[in-house]
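To start, the structure itself, in structure tokens.
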């Protein structure tokens, strides 16, 4: 190969390398800046295909919504109750120039500085609130205030927008957990005793009312039964009287037969009766004539 051809190949390779180093792509989920000899010459490069000088350097950062888990820390409430709080931060690069100048483009450095500011904010907010407020009562309000206050400094100093700050877990210190659980158990037992007492009281009231209603129902039933029985006896007496008035002799005969049947039902019965008494009137004469 001639010297001219060799030089041409070298020139082609160098040209390709320069072209390769001059083309770069920024995706829609990235933020990018351009540096020349360590000096920023272009910030917040838009997504797409771009060209640069071969010696220029392009630094790209994740522009999506990121999550930073904070290390659990201890905070005191206004009653001086110590709590161990585990939280996380949702953040996103908003001003890439400020972000690079403040953190050097290092995500871990950004999260560390952001976490420190959030910890200070949580410490201040917890110190102004009661245990009930931070655990359940006003937690949403607390998180909103912290997010708003932290976001101002984060945007100004770090170029970061804090989207949300949330508490994952709030615990008592290990040494206090046992006493807290014992107190909670005592409170629940007290509530249980109150509920049982109220239930017993209501049961007695309901039982007394049921007994009263039963007594009233039984009395009404007995009254109605006696009235019906009296009506029946009256009707029976009226029927007997009517039957007797139609044929008194036949009525006397039937009554005598019933008396004989009842009197002579037992084989071992012994009766001492005057043979001339009216009891044997129909035995002597079917017509009952003596």
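Numbering (the working numbering), first residue to last: 936 to 1225.
For every residue, glycine included, the Cβ atom is placed at its ideal position computed from N, Cα and C.
Buried or exposed, going by whether 16 or more other CB atoms sit within 10 Å of the CB of residue 1145?
exposed
Can at least three beta-carbon pairs, one atom from the region 1119-1130 and one from the region 1088-1104, be found at a separation below 8 Å?
no
For the pair the region 1025-1040 and the region 1008-1016, tell me if three or more CB-CB distances fall below 8 Å.
no
Can you list, in chain order, the residues of its chain with a C-beta nearer than 6 Å to that of residue 1001? Leave out the 5 residues immediately preceding and following it.
1026
Runs of 3 residues minimum, wholly inside the region 957-1043: which ones carry the beta strand (DSSP E) assignment?
958-961, 965-971, 974-977, 983-986, 992-997, 1001-1004, 1008-1011 and 1017-1028
With distance defined between alpha-carbon atoms, name the residue in 1082, 1141 and 958 nearest to residue 1023.
1082
Is residue 1010 close to chain C? Criterion is C-beta to C-beta, closer than 8 Å.
In summary, chain C is missing from the structure at hand, where a single protein chain is found.
Just to confirm, are residue 990 and residue 971 a CB contact at a threshold of 8 Å?
yes
Quick one: grab the DSSP three-state call for residue 1064.
coil
Quick check on residue 1139: buried or exposed, where buried means 16 or more other Cβ atoms within 10 Å of its Cβ?
Exposed is the call here.
By Cβ distance, which residues of its chain are closer than 7 Å to residue 1056, with the 5 residues on each side in sequence left out?
1081, 1084 and 1085
Out of curiosity, what's the CA-to-CA distance linking residue 1179 and residue 1158?
31 Å
What number of angstroms, rounded off, separates the C-alpha of residue 1070 from the C-alpha of residue 1103?
11 Å
Residue 1054 and residue 1003: beta carbons closer than 8 Å?
In this structure, residue 1003 does not lie closer than 8 Å to residue 1054 by Cβ.
For residue 1014, I'd like the list of residues in its chain whose CB is within less than 7 Å of its CB, leaving aside the five on either flank, ordered along the chain.
1065 and 1066
Measuring alpha carbon to alpha carbon, tell me which residue in 993, 1058 and 1120 is nearest residue 980.
993
Taking the continuous beta strand (DSSP E) assigned at residue 1097, which residues delimit it?
For residue 1097, the enclosing beta strand (DSSP E) stretches over residues 1095-1106.
Measure how close the beta-carbons of residue 985 and residue 961 come, nearest whole angstrom, since I'm counting them as under 8 Å.
7 Å
Along the chain, where does the alpha helix (DSSP H) containing residue 1077 start, and where does it finish?
1074-1088
Let me confirm a value: residue 1192 is counted as buried when at least 16 other C-beta atoms fall within 10 Å, else exposed. Which label applies?
If you draw a 10 Å sphere on the C-beta of residue 1192, you find fewer than 16 other C-beta atoms in it, and that means exposed.
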